[in-house]
Amino acid sequence: MEWWRTAVIYQVYPRSFADSDGDGVGDLPGITARLEHLADLGVDALWLSPFYRSPMVDGGYDVADYRDVDPLFGTLADFDALLARAHALGLRVIVDIVPNHTSSAHPWFAEGLRDRYVFAPEKPNDWQSLFGGPAWSRLPDGSWYLHLFDPAQPDLNWDSPEVRAEFDDILHFWLARGVDGFRVDVAHGLVKPDLTNAVFFDQEGVHEIYRGWRKILDSYPGERMAVAEVFDTEPARVARYVAADELHQAFNFDFLEAPWDPDALRAIIDASLAAAAEVGAPPTWVISNHDRRRPVTRFGDGVPGRRRARAAALLMLGLPGSAYVYQGEELGLPEVLDLPDEARTDPQWIRSGGAELGRDGCRVPLPWSGDTPPFGFGAKSWLPMPADWAAFTVEAQRADPDSTLNLYRSALRLRRPAATLAWRPAPDGVLCFETEGYLVAANLGGSAFALPREPVLASSPVGGTLPPDTTVWMESG
């Protein structure tokens, strides 16, 4: 079976993982020095968010050079060293590719190669940017260009042969270097509709692009793969991106954004499994990433949020298919909601005039060790770290058998890859299913009930009964 069908993939946000040079920003050597943490955790691969040359208007998702490392993060030699060390530890490496837009500092835009971007002589519609405000900006000569995100991220024109050839070459560049695959940013956004259309995502033309990319991926040895970011789209349409001749996986945003509700979660699980089965792709599961509020905070304040986040993790890792873990999730980090205004950098915060907190709160650097900030991250940290995070450090949690870190380590050690599940009868408020290896029961708020057998793993203490906001794995049969 291909490795990616059942893999657990760990997302690394480079500027917040580990800092090797003391400038307060995480970097590639810092990641390399901490790869043993991921190997010990038990994941199969890591996905690196962008580390390319960039003005960093949007944390690196505004790329100025797709074939080089930004000096903030290191050098190409540092990347090669990271890749070699990861492979030596048995970890595969996936890198982000950002094909919907470039930075306005990209040579194409700076040199006025407008046929490679979406330009109009007059503002053609009232489309709104996903970061707030209009999606069109005007240049001094009176022409308008499209940016579905920040004005510093002009959208590419995928009708241009030069754009298509350039990205084919970028794929070859990184695949030849040895990467194991790509995470495709805004995968459903590349092809733009008639500019009078109110819907600008998920156009038919994207599938031709990915059929071409699949041929490139398949031309390299070692089961190279690509995972698509496709949001605000029905599961059946998301599944089209992972047809046999297109990409390999797509993120499950419905599952990520699901409320803590058994009926809603079961419906999403069923729809996800059905859509994936239609095209022979593995379902994917995720409860956090660099763009979403951390589950500990999203599921509730204090103790209830922590219990639910742990229960959600065990539920996710018990489902058949592939799972994604965002850095710090394995530590049970909460969202940092009280960052000072002057520390925030997210374009969502800036373009909304502070009305939207943005995504900085889930991007606060990781705490590794010690009792005071920056907790072993480096000499300082680019976003301030809460003073009370000493209990969340990797060092502290390694020594605590009941920690969230050790829950993830146990789950990844015990996890048995499965292809299918079968629902089993359960009391109201409880999801119960059986896979090839385990009987999984998740109490999402129902009354406590007696367990049929002793769990092999539990998200919280059970004592013979399954209390609310708790998930257990039991031997099947």
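Using the numbering used here, the first residue of the sequence shown is number 1006, and each one after it goes up by one. Cβ atoms here follow ideal geometry from the backbone N, Cα and C, with glycine treated the same way.
Straight-line gap, residue i to residue j (C-alpha atoms, nearest Å)
i: E1209; j: F1236; result: 16 Å
i: A1348; j: A1392; result: 16 Å
i: P1034; j: F1078; result: 8 Å
i: V1123; j: L1161; result: 6 Å
i: R1297; j: E1340; result: 9 Å
i: W1428; j: P1104; result: 40 Å
i: A1192; j: A1231; result: 10 Å
i: R1368; j: Y1018; result: 8 Å
i: A1093; j: E1228; result: 17 Å
i: F1114; j: S1108; result: 8 Å
i: G1095; j: S1293; result: 24 Å
i: R1271; j: Y1150; result: 43 Å
i: M1061; j: D1075; result: 9 Å
i: D1407; j: F1438; result: 25 Å
i: L1388; j: G1310; result: 23 Å
i: K1220; j: D1250; result: 8 Å
i: A1244; j: G1047; result: 28 Å
i: L1471; j: A1455; result: 6 Å
i: A1447; j: V1308; result: 17 Å
i: A1360; j: L1135; result: 14 Å
i: I1014; j: D1101; result: 13 Å
i: Y1057; j: A1110; result: 13 Å
i: G1031; j: A1089; result: 19 Å
i: Q1016; j: L1053; result: 6 Å
i: L1153; j: M1321; result: 31 Å
i: I1274; j: R1242; result: 16 Å
Bounding residues of the alpha helix (DSSP H) (the contiguous stretch that carries residue i)
i: Q1402; result: 1399-1403
i: W955; result: In the structure displayed, the chain extends from 1006 to 1482; residue 955 sits before or after that span and is not available.
i: T1440; result: First-last for T1440: undefined, no H or E at that position.
i: Y1413; result: 1409-1419
i: V1243; result: 1240-1243
i: A1231; result: No alpha helix (DSSP H) contains A1231, which is instead part of the beta strand (DSSP E) from 1230-1233.
i: T1037; result: 1033-1038
i: L1118; result: Run containing L1118: none; DSSP gives neither H nor E here.
Which listed residue (the options) has its alpha carbon closest to that of residue i
i: G1442; options: S1293, A1427, Q1158, R1421; result: R1421
i: D1049; options: R1418, F1260, D1266; result: R1418
i: F1022; options: S1059, L1043, A1424, V1301; result: L1043
i: R1169; options: P1129, R1188, I1214, P1139; result: I1214
i: E1262; options: A1244, V1284, R1299; result: R1299
i: A1521; options: L1200, S1025, V1100, G1469; result: Summary: the structure shown does not reach residue 1521, with the chain confined to residues 1006 through 1482, and so no result is reported for it.
i: G1366; options: S1374, Q1353, T1377, W1373; result: Q1353
i: L1324; options: P1460, D1199, P1287; result: P1287
i: A1233; options: A1248, S1224, K1220; result: A1248
i: A1317; options: L1456, S1465, R1458; result: S1465
i: Q1332; options: L1322, L1410, L1471, T1425; result: L1410
i: A1091; options: V1068, P1129, L1051; result: L1051
i: D1259; options: D1250, S1277, R1245; result: S1277
i: G1451; options: D1405, P1473, P1139; result: P1473
i: R1312; options: T1476, D1070, G1147; result: T1476
i: K1128; options: W1141, F1397, A1401, W1478; result: W1141
i: A1453; options: L1436, L1462, L1444, V1461; result: L1436
i: L1252; options: A1241, R1188, S1386; result: R1188
i: L1338; options: T1440, I1273, D1173, W1394; result: W1394
Start and end residues, beta strand (DSSP E) containing residue i
i: R1097; result: 1097-1102
i: A1447; result: 1443-1448
i: S1108; result: Element bounds for S1108: n/a, residue is neither H nor E.
i: R1072; result: 1070-1074
i: V1013; result: 1013-1017
i: T1476; result: 1475-1480
i: R1143; result: 1141-1143
Buried or exposed (CB count within 10 angstroms, at least 16 for buried), residue i
i: L1081; result: exposed
i: W1132; result: buried
i: G1285; result: exposed
i: L1180; result: buried
i: N1202; result: exposed
i: D1185; result: buried
i: H1177; result: exposed
i: K1197; result: buried
i: P1159; result: buried
i: L1344; result: buried
i: G1468; result: exposed
Within-8 Å CB hit, residue i to chain C
i: W1052; result: Structure shown: chain C not included; a single protein chain is present.
Can you list, in chain order, the stretches of the beta strand (DSSP E) that have 3 or more residues and sit fully within the stretch 1149-1213?
Entirely contained in the stretch 1149-1213, the beta strand (DSSP E) runs reaching 3 residues are, in chain order, 1149-1151, 1186-1189.
Identify every run of the alpha helix (DSSP H) within the stretch 1284-1328, keeping only runs that are complete inside it and at least 4 residues long; order them along the chain.
Entirely contained in the stretch 1284-1328, the alpha helix (DSSP H) runs reaching 4 residues are, in chain order, 1300-1303, 1307-1323.
Let me know the alpha helix (DSSP H) ranges lying completely inside the stretch 1332-1364, each 4 residues or longer, listed in chain order.
Fully enclosed alpha helix (DSSP H) runs of 4 or longer: 1352-1356.
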